[in-house]
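Novice: Heads up, the final residue of the sequence shown is numbered 340 in this note's numbering, and it's a clean run with no missing numbers. Idealized CB from N, CA, C, for every residue including glycine. Structure below; questions to follow.
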Amino acid sequence: MKINLDNLAGMRDLDISLVGTGRIAWELEKDPLRYKPATHIGGVNYLIRKGARLHWKMLYDPQLAKAQAAAEFIRSGTKQIVEIAQSPEDVLRNRPDILVVASTTDSHYNWLTKAIQAQVPVIVAEKPVATIHEELETLARLDKNSASSIIVNYERRFHPKYSELRKQIWKGEFGQVLYYRGLFSSTGKNLFPDNHSEGILLRDSTHLLDLAMFLFGPVTGSETQYAEKNVLSRFIHESGISGNITTISHSTFFHFELEIITEKARIRTGNGFYSIEKTGPSNLYKNFFSLSAPRYVTDKALKPKKNPFIRMYLRAINGTASPELFSQAIQNAVLLLKK
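Here it is as structure tokens:
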């Protein structure tokens, strides 16, 4: 995706509303260690400052103080005054061109169903899209006849590191992919949804599965083994590539990693790093090949044109979102809920 941030003024005027004004909506902008922009409002504000004809229309949050804080963040960043909706109905009654669903997980399903039925042109939603099988089935039915373009914020799909890796894999630069292994380790306790949380699988491992689907295609078969503190899931993709993802709870550290085994290399990539070991003649055995010492690269600071939030919102306002994003997000949740 070519990014041109110097020619935004020619785009058409679009009204944008947002529901849920917490961490991923804008509060992560206060984290000194995160790349910026790091949130929905942060990304939109940046594009507005660059000349995009985006107009904040409404914010809604059941906690009025949080909505007011977000409104002030918008005003200070863009000089735009945004209205704070008194009820969820106000947001959809004044149908925006783009609706951002950044609310709590338990409300995603209701917002998505109502926005699809209201035929909001573009919906940008947080994951997971739902946490109950019956709700996921309903979303799948609605998606078949939906007039809405729905983008789910699996930000690695919009990160240039993973986009480049996908191109290299499909060009065959590493030879055939033989297998992949994903690992997510978390300090969290509950793997599956309960009354307090969506669970580690739907909050975090969902990103790892989506990355595998982005690289290798939709899943056509799966098998899950569940233990008290971990889950091992095996997947076969439409491309014929297979792999597994292990999720570990009760850990002392947070770690996100995908390891890809190919004919010519072993690639490891995850939050903040990328490493590759290429095959070559072995120093230990005659007529054998082995892996070279790893070439380890840490992620560099992202320039605006490479920022995932900016790239995602450019797709939203240009209407270039891939239609399979939403259907794969639904499949993602179905697979991770499987015991």
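For asparagine 308 and tyrosine 36, which I take to be in contact (beta-carbon distance under 8 Å), what is that distance rounded to the nearest angstrom?
Specialist: Numbered from its first residue, the sequence shown carries residue 308 at position 307. Numbered from its first residue, the sequence shown carries residue 36 at position 35. About 7 Å separates the two Cβ atoms, so the contact holds.
Novice: Do arginine 76 and leucine 15 have their C-beta atoms within less than 8 Å of each other?
Specialist: Counted from its first residue, the sequence shown places residue 76 at position 75. Counted from its first residue, the sequence shown places residue 15 at position 14. Not in contact: arginine 76 and leucine 15 (Cβ atoms no closer than 8 Å).
Novice: Answer with buried or exposed for lysine 128, where buried requires no fewer than 16 other C-beta atoms within 10 angstroms of its C-beta.
Specialist: As a position in the sequence shown, residue 128 is number 127, starting the count at 1. By the beta-carbon neighbour count (other beta carbons within 10 angstroms, threshold 16), lysine 128 is buried.
Novice: Do you know whose CA, among Ala70, Ile82, Phe74, lies nearest histidine 56's CA?
Specialist: Looking up residue 56 in the sequence shown gives position 55. For histidine 56, the nearest C-alpha among the options comes from Ile82.
Novice: In angstroms with no decimal places, state the Cα-to-Cα distance between phenylalanine 185 and leucine 216.
Specialist: In the sequence shown, the residue the question calls residue 185 occupies position 184. In the sequence shown, the residue the question calls residue 216 occupies position 215. Near 17 Å, if we compare the C-alpha coordinates of leucine 216 and phenylalanine 185.
Novice: Within a Cβ cutoff of 6 Å, which residues of the same chain sit near glycine 189, ignoring the five residues on either side of it in sequence?
Specialist: In the sequence shown, residue 189 corresponds to position 188, counting from 1. Taken in chain order, the residues that qualify are Ile201, Ser250.
Novice: Report the residue from Lys31, Glu28, Thr221, Lys145 whose alpha carbon sits nearest the alpha carbon of phenylalanine 327.
Specialist: The residue you call residue 327 lines up with position 326 of the sequence shown. Selected option, being the one with the closest Cα: Lys145.
Novice: Assuming contact is defined by CB atoms lying nearer than 8 Å, are asparagine 333 and threonine 248 in contact in what I supplied?
Specialist: For the purposes of this step, residue 333 is taken as residue 332 along the sequence shown, with counting starting at 1. For the purposes of this step, residue 248 is taken as residue 247 along the sequence shown, with counting starting at 1. Against a cut-off of 8 Å, the Cβ pair of threonine 248 and asparagine 333 comes out as no contact.
Novice: Which residues in the same chain have their Cβ closer than 7 Å to the Cβ of glycine 43, if we skip the five residues on either side of it in sequence?
Specialist: What you label residue 43 is simply residue 42 of the sequence shown in a count that begins at 1. So the list reads Trp27, Glu30, Lys37, Phe310, once near-sequence residues are dropped.
Novice: Pick out the complete alpha helix (DSSP H) segments inside the stretch 150-190, 4 residues or longer, and give them in chain order.
Specialist: Entirely contained in the stretch 150-190, the alpha helix (DSSP H) runs reaching 4 residues are, in chain order, 161-172.
Novice: List the residues that DSSP assigns as beta-bridge partners of glutamate 278.
Specialist: Reading the sequence shown from its first residue, position 277 is the one you call residue 278. In DSSP, glutamate 278 forms a bridge with Arg267.
Novice: Going by DSSP, what residue range makes up the beta strand (DSSP E) through aspartate 144?
Specialist: If you number the sequence shown from 1, residue 144 lands on position 143. No beta strand (DSSP E) contains aspartate 144, which is instead part of the alpha helix (DSSP H) from 134-145.
Novice: How should valine 298 be labelled, buried or exposed, when 16 other C-beta atoms within 10 angstroms of its C-beta is the threshold for buried?
Specialist: By 1-based counting over the sequence shown, the position of residue 298 is 297. Valine 298 is exposed by the Cβ-count criterion.
Novice: What number of angstroms, rounded off, separates the C-alpha of glutamine 169 from the C-alpha of lysine 301?
Specialist: Against the sequence shown, residue 169 aligns to sequence position 168. Against the sequence shown, residue 301 aligns to sequence position 300. About 20 Å.
Novice: Could you name each continuous beta strand (DSSP E) segment of 3 residues or more that falls completely within the stretch 284-317, going from the start of the chain to the end?
Specialist: Every unbroken stretch of the beta strand (DSSP E) spanning 3 or more residues and falling wholly within the stretch 284-317 is given here in chain order: 290-292, 296-299.
Novice: Going by Cα to Cα distance, which pick from Asn272, Leu166, Ser164, Trp171 is closest to aspartate 205?
Specialist: Residue mapping note: residue 205 aligns to position 204 of the sequence shown, counting from 1. When each option's Cα is compared against that of aspartate 205, the closest is Asn272.
Novice: Here's the rule I'm using: 16 or more other beta-carbon atoms within 10 Å means buried, otherwise exposed. How should asparagine 288 be labelled?
Specialist: Within the sequence shown, residue 288 is the residue found at index 287, counting from 1. Exposed.
Novice: Within 10 angstroms of its Cβ, does histidine 109 collect 16 or more other Cβ (buried), or is it exposed?
Specialist: Taking the first residue of the sequence shown as position 1, residue 109 is located at position 108. Answer is buried; the Cβ neighbour count reaches 16.
Novice: Is the beta carbon of proline 97 closer than 8 Å to that of serine 18?
Specialist: Start at 1 with the first residue of the sequence shown, and residue 18 comes out as number 17. Start at 1 with the first residue of the sequence shown, and residue 97 comes out as number 96. Yes, Cβ-Cβ distance for serine 18 and proline 97 is below 8 Å.
Novice: Do glycine 218 and serine 240 have their beta-carbon atoms positioned less than 8 Å apart in this structure?
Specialist: Position 239 of the sequence shown holds residue 240. Position 217 of the sequence shown holds residue 218. Cβ distance < 8 Å, so serine 240 and glycine 218 count as in contact.
Novice: In terms of DSSP beta bridges, what is histidine 256 paired with?
Specialist: Mapped onto the sequence shown, residue 256 falls at position 255. Beta-bridge pairing links histidine 256 to Ser186.
Novice: Taking all protein chains shown into account, do 16 or more other C-beta atoms lie within 10 angstroms of the C-beta of aspartate 195, making it buried, or fewer, making it exposed?
Specialist: Stepping through the sequence shown from its first residue, residue 195 is reached at position 194. Exposed, by the Cβ-count rule.
Novice: Phenylalanine 236 by DSSP, collapsed to three states: which one?
Specialist: Within the sequence shown, the letter at position 235 stands for residue 236. Looking at phenylalanine 236 - three-state DSSP - the assignment turns out to be strand.
Novice: Mark tyrosine 163 as exposed unless 16 or more other C-beta atoms lie within 10 angstroms of its C-beta, in which case mark it buried.
Specialist: To locate residue 163, count along the sequence shown from 1; it is residue 162. With 16 or more other Cβ atoms within 10 Å, it is buried.
Novice: So, at 7 Å on beta carbons, what are the nonlocal neighbours of serine 283 in its own chain, with the 5 sequence-adjacent residues on each side left out?
Specialist: Looking up residue 283 in the sequence shown gives position 282. So the list reads Phe289, Phe290, Ser291, once near-sequence residues are dropped.
Novice: What are the partner residues of asparagine 231, as DSSP defines its beta bridges?
Specialist: Mapped onto the sequence shown, residue 231 falls at position 230. Per DSSP, Ile249.
Novice: Suppose contacts are defined by Cβ-Cβ distances below 8 Å. Is valine 178 in contact with isoleucine 237 by that definition?
Specialist: Start at 1 with the first residue of the sequence shown, and residue 178 comes out as number 177. Start at 1 with the first residue of the sequence shown, and residue 237 comes out as number 236. No, the Cβ-Cβ distance between valine 178 and isoleucine 237 is not below 8 Å.
Novice: Among the residues of its own chain, which have a CB less than 7 Å from the CB of proline 305, if the five just before and after it don't count?
Specialist: Taking the first residue of the sequence shown as 1, we reach residue 305 at position 304. Leu6, Tyr47, Ile311.
Novice: Using 8 Å for Cβ pairs, my map puts threonine 139 next to threonine 114. What's the rounded Cβ distance?
Specialist: Counting from one through the sequence shown, the residue named residue 139 turns up at place 138. Counting from one through the sequence shown, the residue named residue 114 turns up at place 113. Going by Cβ atoms, the distance from threonine 139 to threonine 114 rounds to 7 Å, so yes, they are a contact pair.
Novice: Within 10 angstroms of the Cβ of glutamine 118, are there 16 or more other Cβ atoms? Answer buried if so, exposed if not.
Specialist: Here residue 118 is taken as the residue at index 117 of the sequence shown, counted from 1. Per the 10 Å Cβ criterion, exposed.
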